[in-house]
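The block underneath contains the structure these notes are about, expressed in structure tokens.
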Amino acid sequence: MPELPEVEVTRRSFASEITGAQILAAVPGKPLRWPLGCSPARLVGQRVQGVRRRGKYLLVDLSAGLLLVHLGMSGSLRFAPSLPPAGMHDHFDLVTSQGVLRLNDPRRFGAVVFAESQDAAVAQKLLGGLGLEPLSDAFTFEALRAGLRASRAPIKQVLLGGKVVVGVGNIYASEVLFLAGIRPTVAAAAIGDVRMRRLHQAISDVLALAVERGGSTLRNFSSAAGNPGHFQLAARVYGRAGAPCLACGSTIQCLKQGQRSSFFCPRCQRP
DNA sequence: AGAATGACCTGCTGGC
DNA sequence: TGCCAGCAGGTCATTC
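Numbering (the UniProt record's numbering), first residue to last: 1 to 271.
Laid out in structure tokens, this is it:
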């Protein structure tokens, strides 16, 4: 369900409450995308040392290892002192001395994976190929340009791929390309400095604003504390095929790239 | 090696 | 009203 802002808002909503807690039980439900990778008993007794984020993964640091949590397309976390019995789509509970962290994920594209350390093979497989963190100091114009210059694939696909920059999902990919005036089909390597600068700025600004606003992309999004996201970042092009462009009035178009929908304004976004 | 496809799983919407 | 096709926020493995 989440793009980066939702994952970050989720992290902030429970990181401080769970930090320092001792794990009392780990209760898996139906299979998720990947197996936990260890016996639930192995987690018991470990302490939660903090919660970080890398791309769309949450990293729950434990006294002896870490849990990689991914929300997939439809996952969400709750953290509360106690929670009712697991419902139909609750597929993982981490019971701690400070509350229960619960993953609800109807489509089960999400996962909770244990790794002995961040260098462990599982962690490397999942995190090793990830690109720049768009909200970090490392996300400079030069770094983005260097990454994009190396790929001839359409820019929309490159943004979604996560190897150059992480966290830009299907909704924000359309939005930032609109703000930068770039057609989604343009080869990444063909983007000139002017539009590249606008793209860099758009990625930084849009994601930062969305985090600030509490994760506003999703219809059903709510943080782990149960606070609903507002809908303040109205999409300029995403989901608006056939409607007039808010900037020029042209009709917003939709096309399929890699089986995902891309939305763009044919006038504001040049090939 | 990079780039395009398929796969995973469930729920909701829209058209007939 | 009911059924079915198509679509949905992600990303890894497989194929070309």
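Note that CB positions come from ideal geometry on N, CA and C, so glycine has one too.
Being a predicted model, the structure only gives us computed values, none of them experimental.
The Cβ-Cβ distance between leucine 77 and leucine 103 falls below 8 angstroms. Sequence-distant Cβ neighbours of asparagine 170 in its own chain, meaning closer than 6 angstroms and more than five residues away, are Arg260. For serine 13, the enclosing alpha helix (DSSP H) starts and ends at 4–18.
For a cut-off of 8 angstroms, the C-beta gap from serine 74 to aspartate 105 is around 6 angstroms, short enough to register as a contact.
Taking C-alpha positions only, proline 2 is separated from serine 262 by approximately 17 angstroms.
Following the DSSP letters along the chain, one finds alanine 208 inside the alpha helix (DSSP H) bounded by residues 193–212.
A distance below 6 angstroms between beta-carbons, with the five flanking residues on each side excluded, links arginine 52 to the following residues of its chain, in chain order: Leu59. When the alpha-carbon of alanine 64 is set against those of Gly99, Pro5, Ser204, Asp119, the nearest one is in Asp119. Classified as exposed, lysine 256 has fewer than 16 neighbouring CB atoms from the shown chains inside 10 Å of its CB. For phenylalanine 264, the secondary structure class from DSSP, reduced to helix, strand or coil, is strand. Listed as beta-bridge partners of isoleucine 23 by DSSP are Thr96. Per the coordinates, the alpha-carbon of proline 28 lies some 32 angstroms from the alpha-carbon of glutamate 212. In terms of Cβ geometry, leucine 68 and alanine 115 form a close pair [threshold 8 angstroms].
The DSSP-derived three-state label of valine 176 is helix. Under DSSP, proline 154 forms a beta bridge with Ala187.
With 16 or more other Cβ atoms inside 10 Å of its own Cβ, threonine 10 counts as buried. Of Thr185, Val237, Cys254, the smallest CA-CA separation from arginine 270 is found for Thr185.
For glycine 147, the enclosing alpha helix (DSSP H) stretches over residues 141–149.
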